[in-house]
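Notes for the one structure printed next.
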Amino acid sequence: MTPTTLLTKPTTPPPPPEHAPRTWTVTTVEGITLTGHQPDWSMDVPSQTGMTLDQAVRYLRGYAHYTMLPVDPVLPPATIDIDINGTRYRESTSAMFASQIAFHPYSTQPHHQVPTASLTIVDAWDFEGLTPTDLARFATQIRTQADYFENTVLPDLITAREDWAAHRSRIPDPDHPARRAGDQIEDGLP
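So the sequence shown is numbered by our numbering: it starts at 1107 and just counts up by one.
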């Protein structure tokens, strides 16, 4: 069986082999079971029960597989002098950027259907009064962060996209004629 979404009457399948691809399952009140590929890296599983087929299709179209990647701290931690109304405060930073990989595999928008990376850049950081040593250290920290994006985030994103391309599953069209006939439906979306 391919890892595509199937529209079938519910059954109790045997447990998957240890190295088999992970799957999710949505079982509708009509007794229809939808299944699809669950990426290993995704932090959430869309499995649900107790909704109509139409609700399940809407739910899956809005669903996102995602993972938050480990935050790579700005190394070494920067110490920032902050001047607030003439008073100097020292503040130590631990991270400047955060990243995640996410996608909405059943979205009606094709560009949402493949994994992409998102970067969060901490705002409201003012680096004022930097000495040449401070500026050189900051430049090193930014290079370290760029290396993290290139050596960690980029390979993880490429792996996620390749995995999804190999295991893509689709949700059925609730108006497909085979649904009304009680037949099994594969790949209901284009």
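Positions of the beta carbon are idealized from the N, C-alpha and C atoms, including for glycine. Here the structure is a predicted model, which means the values were calculated and not measured.
Candidates the options: closest to residue i by CA position
i        : options                                   : result
Ala-1204 : Leu-1175, Pro-1127 and Leu-1140           : Leu-1175
Gly-1137 : Pro-1221, Leu-1159, His-1143 and Trp-1130 : Leu-1159
His-1210 : Arg-1276, Phe-1244, Thr-1250 and Thr-1139 : Arg-1276
Tyr-1173 : Leu-1140, Ala-1162, Trp-1147 and Thr-1222 : Note that residue 1173 corresponds to Thr in the displayed sequence, not to Tyr. For Thr-1173, the nearest C-alpha among the options comes from Trp-1147.
Burial state of residue i, where buried means 16 or more other Cβ atoms lie within 10 Å
i        : result
Thr-1155 : exposed
Gly-1142 : buried
Ala-1252 : exposed
Nearest-angstrom Cα separation, counted from residue j out to residue i
i        : j        : result
Pro-1145 : His-1218 : 16 Å
Thr-1129 : Leu-1241 : 49 Å
His-1171 : Asp-1150 : 6 Å
Trp-1270 : Thr-1237 : 47 Å
Leu-1140 : His-1273 : 15 Å
Thr-1246 : Thr-1239 : 11 Å
Ser-1162 : Gln-1215 : It should be pointed out that residue 1162 corresponds to Ala in this sequence rather than to Ser. Roughly 18 Å between the two C-alpha positions.
Arg-1076 : Pro-1127 : The chain is shown only over 1107 to 1296; residue 1076 falls outside these bounds and no answer can be derived.
Pro-1182 : Glu-1268 : At Pro-1182, the pLDDT of 49 sits below 50, so the modelled position is not reliable; the number obtained from the coordinates is stated separately. Roughly 34 Å separates the two Cα atoms.
Gly-1235 : Thr-1258 : 32 Å
Contact check, residue i vs residue j, beta carbons under 8 Å
i        : j        : result
Ala-1266 : Ile-1227 : no
Thr-1131 : Ser-1153 : yes
Arg-1167 : Ser-1213 : yes
Met-1157 : Tyr-1165 : yes
Leu-1263 : Pro-1221 : yes
**Report entry** 4-residue-minimum alpha helix (DSSP H) runs that sit fully inside the segment 1133-1185, ordered along the chain
**Finding:** The segment 1133-1185 contains these whole alpha helix (DSSP H) runs: 1159-1168.
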